[in-house]
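2 protein chains.
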Amino acid sequence: MQKYASHKTVRYSRQRERLLEVLRSTTSHPTASWLYDVLKPEFPNLSLGTVYRNLAFLIEQGLVKKIDSGSTFDRFEAKTSLHYHLICHECGTIIDFEGRLFPEIDLVISKEADFTVEGHRIDFFGTCSTCRNQNRNNS
Amino acid sequence: MQKYASHKTVRYSRQRERLLEVLRSTTSHPTASWLYDVLKPEFPNLSLGTVYRNLAFLIEQGLVKKIDSGSTFDRFEAKTSLHYHLICHECGTIIDFEGRLFPEIDLVISKEADFTVEGHRIDFFGTCSTCRNQNRNNS
DNA sequence: CTACTTGCAAACTATTTGCGTTACG
DNA sequence: CGTAACGCAAATAGTTTGCAAGTAG
Chain E
1 MQKYASHKTV RYSRQRERLL EVLRSTTSHP TASWLYDVLK PEFPNLSLGT
51 VYRNLAFLIE QGLVKKIDSG STFDRFEAKT SLHYHLICHE CGTIIDFEGR
101 LFPEIDLVIS KEADFTVEGH RIDFFGTCST CRNQNRNNS
Chain S
1 MQKYASHKTV RYSRQRERLL EVLRSTTSHP TASWLYDVLK PEFPNLSLGT
51 VYRNLAFLIE QGLVKKIDSG STFDRFEAKT SLHYHLICHE CGTIIDFEGR
101 LFPEIDLVIS KEADFTVEGH RIDFFGTCST CRNQNRNNS
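Line by line, the protein sequences are chains E and S. Numbering follows my numbering, with no gaps: position 49 of the first sequence is 49. Numbering follows my numbering, with no gaps: position 135 of the second sequence is 135.
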C-alpha cells in the first residue's frame with residue numbers, strides 16, 4: 001500500500017528495543033497485551049498504544065510478522081526464517097514447524113496463475129498433543 | 001471448542017437461505033457488510049446482526065468458511081472444495097487457485113510433528129495482474 | 001533545538017449480544 | 001403454541017489516533 005518510503009529519521013527508544021528483544025526471546029507467538037503485561041514492570045508508564053505503534057513499525061521494517069490465529073486478536077512473531085504454523089483449535093496454541101515442504105511453491109503459482117507471488121503462509125489446523133492426551137483422559 | 005452437540009431444532013428462514021445462495025453465486029469472497037448491502041433491498045428490515053448470526057451458523061454447519069485477508073474485517077466464502085487464495089496486497093482482491101499442490105501435506109505434518117492435522121490453508125501474497133499493469137502504466 | 005517517540009485517553013470499527021417481536025413447524 | 005430466528009440498538013474488544021510532554025541526536 002505504502003508506495004514511497006518516508007524520509008523520517010528513525011530514532012532509538014528503549015521501549016522499542018526491548019519489545020523486539022522480548023518478541024525474539026519467546027516462541028509463544030504473543031498477543032499485544034501479553035507483550036504489554038511483560039514489559040509493564042520494566043516501563044511503569046508503558047501504554048498499549050506504544051506497543052501497537054512499535055509493532056506496526058517493526059512489521060514495516062520486516063522484523064516482525066503479524067499472525068492471524070483465527071481468534072479475535074492478533075498474534076506476533078519475530079522469527080524471519082520460513083516456517084509453518086500448527087494452530088490448535090482447542091487451546092489456541094501456535095506451534096512452529098520448521099521445514100520447507102515445497103521450495104518452489106511461489107514460482108509454481110506465479111507461473112500458473114497470472115499473479116506475482118511475493119510470499120505465502122501455510123497454516124495447519126488441528127489438535128496439539130497436549131489437548132489430544134487431555135481428551136483421551138476425559139473420555 | 002463446542003464439545004457437545006446442541007439439541008436445538010434448526011428452523012428455516014428466508015434470510016438464511018438467500019444469504020447462502022448469494023454467497024454461493026459469487027466468487028468475490030464478500031464481507032459481512034457487502035452481503036448486507038446486497039440483501040438489504042430484498043429484506044428492507046435486514047440487520048447486520050442477522051447476517052453475522054447466519055454466517056456463524058453456516059460456518060458451524062461447514063457450509064461457509066471465514067477467510068482472513070489480512071485486513072481488519074473478515075471475508076467469507078461458500079466454496080467447500082480445496083483451493084488456495086491469492087491475496088493482492090494492493091487492492092485486497094482474493095483470487096481462488098484451484099489445484100492440489102501437495103496432496104498428502106496433512107499426513108506429512110501429522111507424522112513429522114506430534115500434531116493431529118485436520119485441515120490447512122495456503123495463502124499467497126503478492127500483486128494481481130490488474131494492479132501490476134496499473135503500476136506499469138503509472139511509472 | 002528539532003522532531004521522533006511516548007503516555008494518556010478518546011475514538012474507531014467490525015463483530016457480538018440482550019431483548020422484545022415475528023413467524024416456522 | 002413453543003421456540004427458533006429476526007430486527008433493533010446497545011455493548012464489546014482489539015486496535016488506532018490526537019495531542020501534549022518527554023527525549024534522542
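From the three backbone atoms N, C-alpha and C, an ideal C-beta is built for every residue, glycine too.
A straight-line Cα-Cα distance of about 20 angstroms links P103 of chain E and D114 of chain E. Rounded to whole angstroms, the gap between the alpha carbons of L39 of chain S and Q15 of chain S is 8 angstroms. Chain-ordered, the chain E residues with CB closer than 9 angstroms to the CB of T127 of chain S read F115, T116, V117 and E118.
A contact between stretches requires three or more CB pairs, one per stretch, nearer than 8 angstroms, and the region 77-92 of chain S meets this requirement with the region 124-134 of chain S.
C128 of chain S carries a strand assignment under DSSP once its states are collapsed to helix, strand and coil. Looking only at E:P41, E:G70, E:S71 and E:P30, the smallest Cα-Cα distance to Y52 of chain E is reached by E:P30.
Within the same chain, Cβ atoms closer than 8 angstroms to the Cβ of R100 of chain E are found at L82, the five residues on either side in sequence being excluded. At a beta-carbon threshold of 9 angstroms, the residues of chain S lying near I105 of chain E are L101, F102, I122 and F124, ordered along the chain. In the structure shown, the three-state DSSP call for E60 of chain E is helix. For the options S:V64, S:R11 and S:E60, the alpha carbon positioned closest to that of E21 of chain S is the one of S:V64.
Residue contact check for R75 of chain E against chain S: no CB pair falls below 8 angstroms. With respect to chain S, the C-beta atom of R132 of chain E has a partner C-beta closer than 8 angstroms.
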